[in-house]
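Numbering (the working numbering), first residue to last: 1 to 419.
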């Protein structure tokens, strides 16, 4: 607290508190809590000397406060006094004769340090805000992203275009594959290919494996006829003719074959072979009731898609029960049609069970061939002087890149048996 003291005409000292008002030094009882009595006879130390001990003054709260007053000798009518709590501060005399209070000690952080902290905090906050905004924009763009495989983009031609601009129409993936855009891909060997299907699809069978598996099935079909049928001359009634007309290859009448040959079992082998492949082959038309529709409906031009369909169908045995029922119905139909030539040494149950197994094996072979990297075809020779075809031939129509060959490769020759 700062006081201003002056000496009156009678030599009495009057001090005025800048905040409290005038103080009468002659009446100590009327002195406020912050008043102080100054003895004018007390010498004032000059700068460099130790000040006199502070004069104790009692406040209105009864507490003793030590106050040190320094009186400047330059101006007799003006005195400044400063009060300190724990330590005395030296006062300075200004050029106009007034006494100024000492500079206060800085409390806390300086202005420069505070400004630096504020700038650093602003920079760090801006960096954090930018990072959070970047994450939010990235997540929103990812959620709105559209896969290029979800739809096929189309370029709509405009009637008025610049003559230097080329219009392009994108071809769908399946159409592009059918048109031969995958010609560089070796469909027979995907082990060294970067195509993702190389780790999914099984290895393609070679020509030897295809020939052996097909020959085994042909032998099973012929063995079924040899075991369960015999060479006898049976009378064919008009009602039987309508049933027999559904069998055979369509180039000849099965009724005439059965009546015109000395070995009816050869004609029966021919009829059974044609019947089995008509119901298990994907090219059998409406009679191919056993071949899975989810495989045959795909375009055979794109062989990779065809192989995937077969692979997935084989891995899912969901239609096993219905397929078994259709196979049993087909076996019973054939057995009832050719019952006049049945071998009495075997009962009907054994005959039907064996034929069911033969048809099941034929269906498995047909699906397996359809899932290979090549296109295969069974072909029949017409009935000629050599005899009758009891097993068709097998040839490969495409190469390793899915292109149709001008000259198909024959893997199996037709089996012709003299009648």
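Each residue gets a CB set at the ideal place from its N, CA and C atoms; glycine is no exception. Here the structure is a predicted model, which means the values were calculated and not measured.
Check whether residue i and residue j have beta carbons under 8 Å apart
i           : j           : result
residue 379 : residue 393 : yes
residue 419 : residue 262 : yes
residue 343 : residue 229 : yes
residue 225 : residue 269 : yes
residue 334 : residue 355 : yes
residue 247 : residue 289 : no
residue 352 : residue 331 : yes
residue 390 : residue 266 : yes
residue 327 : residue 272 : no
residue 397 : residue 381 : no
residue 358 : residue 387 : no
residue 258 : residue 236 : yes
residue 346 : residue 227 : yes
Buried or exposed by the 16-neighbour rule on C-beta atoms within 10 Å, applied to residue i
i           : result
residue 400 : exposed
residue 112 : exposed
residue 204 : buried
residue 238 : exposed
residue 325 : exposed
residue 124 : exposed
residue 415 : buried
residue 244 : buried
residue 413 : exposed
residue 128 : exposed
residue 138 : exposed
residue 282 : buried
residue 223 : exposed
residue 264 : buried
residue 130 : exposed
residue 119 : exposed
residue 136 : exposed
residue 367 : buried
residue 126 : exposed
residue 309 : buried
According to DSSP, residues forming a beta bridge with residue i
i           : result
residue 393 : 379
residue 409 : 396
residue 229 : 342
residue 404 : 398
residue 417 : 388
Rounded distance between the beta-carbons of residue j and residue i, thought under 8 Å
i           : j           : result
residue 411 : residue 211 : 5 Å
residue 280 : residue 336 : The pair is not a contact, with the Cβ atoms about 20 Å apart (cut-off 8 Å).
residue 340 : residue 234 : 4 Å
residue 209 : residue 365 : About 11 Å; that fails the 8 Å criterion.
residue 313 : residue 292 : 5 Å
residue 307 : residue 371 : 5 Å
Residue i: CB within 7 Å of a non-hydrogen atom of the ligand FAD
i           : result
residue 224 : As for the ligand FAD, it is missing from this structure, which has no ligand bound.
| task | Return the chain-ordered ranges of every alpha helix (DSSP H) run that is complete within the region 318-346 and spans a minimum of 4 residues. | result | With a minimum length of 4 residues, the unbroken runs of alpha helix (DSSP H) contained wholly in the region 318-346 fall at 320-337.
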